[in-house]
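The block underneath contains the structure these notes are about, expressed in structure tokens.
Numbering (my numbering), first residue to last: 4 to 272.
Okay, structure coming up:
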């Protein structure tokens with residue numbers, strides 16, 4: 004009987020000590036287990052409701068089978084979006100950490116990450132079963148919200164992280180929402196920007212040509228010598244005046260083309 008009880012006790016100790024993940028919350032474990040089926044997209048796109056579309060580089064690392072981990076990072080090409088979300092298994096048997104401002108080397112640590120979770124400063128972490136964005140629906144969404152934080156170190160107010168997809172929504176500090184969009188939306192925006200730039204460049208060139216010609220004409224007129232006699236009407240234009248007018252006109256065109264109107268003062272008008 005004593006042997007049976009001793010064996011049962013040993014088995015109990017073995018069972019408790021062998022399962023390292025037993026001390027982790029199910030929400031932390033969900034992140035560690037999210038490798039299967041995670042999106043293979045290393046580049047995603049977020050857009051507001053007007054015309055702005057940003058390109059986001061994202062990466063995720065789930066460690067190895069023997070040493071699972073979860074680290075996610077997303078950085079925008081144009082805007083200030085730069086977020087990290089990861090599990091630190093060395094903190095309190097598994098904490099969820101958020102970093103969301105490249106200028107500040109500060110971490111927002113959720114020591115007891117059972118959703119919903121709140122830090123002492125009011126940063127919140129919650130869970131949504133799904134989120135519909137335009138024609139797409141994303142599932143298993145972790146929402147980070149710093150709107151009510153007494154000390155918001157982030158350069159955004161909130162972000163929505165899809166356990167299977169990465170960033171699906173970001174809310175800026177001024178309340179602008181950027182949602183996940185397909186690549187074709189970004190490509191269309193790039194085409195539109197290219198066309199708008201071509202039109203703007205064309206207008207700028209036309210203005211530059213007009214101003215340059217007007218200045219050149221003024222130089223010629225101011226330096227023209229009327230050599231007409233009683234029976235003639237010839238006007239003598241010194242070659243150096245013509246050369247000066249052409250030089251100044253070309254200088255003005257270059258200044259406009261370079262987008263530096265202040266450079267016109269160097270054109271020796």
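Built from N, CA and C at the ideal position, the CB exists for glycine as well.
My guess is that residue i and residue j are in contact by the Cβ rule of under 8 Å, so how many angstroms apart are they, rounded?
i: residue 188; j: residue 50; result: 6 Å
i: residue 126; j: residue 149; result: 5 Å
i: residue 97; j: residue 31; result: 4 Å
i: residue 71; j: residue 35; result: 5 Å
i: residue 259; j: residue 201; result: Actually they are not in contact, since the Cβ atoms of residue 259 and residue 201 sit about 16 Å apart, beyond 8 Å.
i: residue 101; j: residue 87; result: 7 Å
i: residue 222; j: residue 248; result: 4 Å
i: residue 99; j: residue 77; result: Wrong, their Cβ atoms sit about 16 Å apart, outside the cutoff.
i: residue 124; j: residue 160; result: That belief does not hold up - the Cβ atoms of residue 124 and residue 160 are roughly 14 Å apart, past 8 Å.
i: residue 244; j: residue 48; result: 57 Å between Cβ atoms; not a contact.
i: residue 203; j: residue 54; result: The Cβ separation is near 15 Å, so there is no contact.
i: residue 173; j: residue 162; result: 5 Å
i: residue 182; j: residue 136; result: 5 Å
Short of 6 Å in beta carbon distance, which residues of its chain neighbour residue i, apart from the five on each side in sequence? Order them along the chain.
i: residue 165; result: 141, 144 and 171
i: residue 129; result: 118, 119 and 146
i: residue 158; result: 83 and 104
i: residue 252; result: 215 and 219
i: residue 81; result: 57
i: residue 79; result: 57 and 59
i: residue 112; result: 98 and 100
i: residue 75; result: 63 and 88
Along the chain, where does the beta strand (DSSP E) that runs through residue i open and close?
i: residue 144; result: 139 to 148
i: residue 46; result: 46 to 50
i: residue 87; result: 85 to 91
i: residue 273; result: Beyond the ends of the chain as shown, which are 4 and 272, falls residue 273; an answer cannot be given.
i: residue 64; result: 56 to 66
Under the three-state reduction of DSSP, which class applies to residue i: helix, strand or coil?
i: residue 80; result: coil
i: residue 212; result: helix
i: residue 151; result: coil
i: residue 24; result: In this prediction, residue 24 scores a pLDDT of 45, lower than 50, which makes its location untrustworthy; the coordinate-derived value is nonetheless stated afterwards. Reduced to three states, the DSSP call for residue 24 is helix.
i: residue 270; result: coil
i: residue 112; result: strand
i: residue 96; result: coil
i: residue 32; result: helix
i: residue 160; result: strand
i: residue 120; result: strand
i: residue 40; result: coil
i: residue 53; result: coil
i: residue 233; result: With a pLDDT of 49 at residue 233, under the threshold of 50, the predicted position of this residue should be treated as unreliable, though the coordinate-derived value follows. Residue 233: coil per DSSP, three-state reduction.
i: residue 106; result: coil
Could you check where the alpha helix (DSSP H) with residue i kicks off and where it finishes?
i: residue 69; result: Here residue 69 belongs to no alpha helix (DSSP H), and DSSP marks it neither H nor E.
i: residue 251; result: 242 to 260
Can you list, in chain order, the residues of its chain with a C-beta nearer than 7 Å to that of residue i? Leave out the 5 residues immediately preceding and following it.
i: residue 27; result: 96 and 97
i: residue 42; result: 167, 168 and 169
i: residue 90; result: 31, 34, 35, 72, 73, 97 and 99
i: residue 24; result: Unreliable placement is indicated for residue 24, whose pLDDT of 45 sits below 50; no coordinate value is reported for it.
i: residue 255; result: 211, 214, 215, 218, 267 and 270
i: residue 38; result: 65
Ordered along the chain, which non-local residues of its own chain (more than five positions away) have a Cβ less than 8 Å from that of residue i?
i: residue 151; result: 125 and 127
i: residue 213; result: none
i: residue 10; result: Because residue 10 carries a pLDDT of 43, less than 50, the predicted location of this residue cannot be relied on, and the following value inherits that uncertainty. Excluding positions up to five away in sequence, the list is empty.
| request: Give, in chain order, every unbroken run of the alpha helix (DSSP H) that is at least 4 residues long and sits entirely within the segment 167 to 230. | output: Counting whole runs of 4 or more residues, the segment 167 to 230 contains the alpha helix (DSSP H) stretches 186 to 225.
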